[in-house]
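See below for the structure under consideration.
Protein chains in written order, with the working numbering: chain A, 5 to 172; chain B, 9 to 141.
Right, here's the structure in full:
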């Protein structure tokens with residue numbers, strides 16, 4: 005009899021049944037539901053707050069805008085820009101913080117037909133796969149007038165990695 | 009409390025315990041979410057990335073004002089000097105709201121940012137040319 009009484013908690017209801025015989029009691033099943041709900045909320049909050057803000061798309065667009073601004077001077081194509089002086093003329097720096105295995109190799113830009121290529125060219129190998137873990141890649145083109153008033157099409161490709169700080 | 013019948017008394021006790029446990033559970037959940045959302049680490053990340061993007065989007069000569077009231081409050085709670093919340097090293101911005109942690113993020117715009125923050129949380133970011141002294 006006593007043994008049966010001690011195991012009462014493991015029964016659907018550990019409070020004695022009401023006079024009406026109902027099971028409206030605090031049971032281990034109810035605690036199990038509470039634990040599952042609590043676990044779910046904790047998991048969701050951890051996932052939500054543990055996922056970093058992914059700003060690579062904004063960074064990529066800003067970088068393209070910055071390069072486009074640099075390639076156009078007084079509404080005409082800026083022919084001062086070349087592979088050798090790109091960073092100086094465009095006021096850019098691809099140096100990054102020391103983090104994970106980063107070695108100032110988190111960006112890549114390619115400007116055609118000027119044949120300007122700067123940064124880590126390997127990043128473009130991962131551009132085709134649209135996965136969060138891959139670098140963010142973006143390509144944009146625009147027309148600009150040269151000093152001879154001819155149209156010139158400029159194509160800019162940008163890849164931003166920084167995966168460890170922008171994805172989980 | 010009316011205790012006219014034994015069954016009704018038991019029912020009332022059970023319901024009170026049931027409601028109290030529910031309330032306790034809800035309170036713990038809300039406290040957990042509140043603590044999670046207000047912790048320093050996500051705030052550091054948010055501000056470091058925001059400032060890096062502001063610098064990337066800015067041109068020399070621009071002055072950007074924004075609000076960092078919650079960060080200043082958090083730093084004061086953590087007993088961290090609000091003048092040391094944001095600092096720059098080369099083209100890396102670091103936001104630090106506590107003694108044992110910080111968040112850094114790099115920006116590609118090669119400019120000289122100057123940051124000013126007062127105790128009310130009013131922040132001003134001035135972007136200057138690299139050659140500016």
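We treat Cβ as the ideally placed atom computed from N, Cα and C, and that holds for glycine.
In terms of beta-carbon proximity, residue 98/A lines the interface with chain B, with at least one pair separated by less than 8 angstroms.
Residue 140/B sits away from residue 57/B, with the two beta carbons spaced by 8 angstroms or more. Identification of chain A residues near residue 93/B by a Cβ-Cβ cut-off of 9 angstroms yields none; the smallest Cβ-Cβ distance measures about 17 angstroms. By the Cβ test, the segment 112-123 of chain A is in contact with the segment 157-171 of chain A, since at least three Cβ pairs between them sit closer than 8 angstroms. Residues of chain A with a Cβ closer than 8 angstroms to the Cβ of residue 121/B do not exist; the shortest Cβ-Cβ separation is about 13 angstroms. In chain A, no part has a C-beta under 9 angstroms from the C-beta of residue 125/B; the shortest such distance is about 21 angstroms. Residues of the segment 48-65 of chain B with a Cβ closer than 7 angstroms to any Cβ of chain A, in chain order: 50, 53, 54, 57, 61, 64 and 65. Against chain A, the CB of residue 44/B has a partner CB under 8 angstroms away; the residue lies at that interface.
Counting only runs of 3+ residues, the beta strand (DSSP E) found wholly inside the segment 122-155 of chain A occupies 140-149, in chain order. With 16 or more other Cβ atoms from the protein chains shown falling within 10 Å of its own Cβ, residue 82/B counts as buried. Residues of chain A whose Cβ lies closer than 7 angstroms to the Cβ of residue 112/B are, in chain order, 101.
Chain B places no beta carbon closer than 8 angstroms to that of residue 75/A, leaving this residue out of the contacts. A contact between stretches requires three or more CB pairs, one per stretch, nearer than 8 angstroms, and the segment 68-78 of chain B meets this requirement with the segment 127-141 of chain B. Residue range 48-65 is occupied by the alpha helix (DSSP H) that includes residue 53/B. Within the segment 37-117 of chain A, the runs of alpha helix (DSSP H) at least 4 residues long that lie entirely inside it are, in chain order, 60-75 and 90-94. For residue 33/A, the three-state secondary structure derived from DSSP is helix. The criterion of a C-beta distance shorter than 8 angstroms is not satisfied by residue 103/B and residue 123/B.
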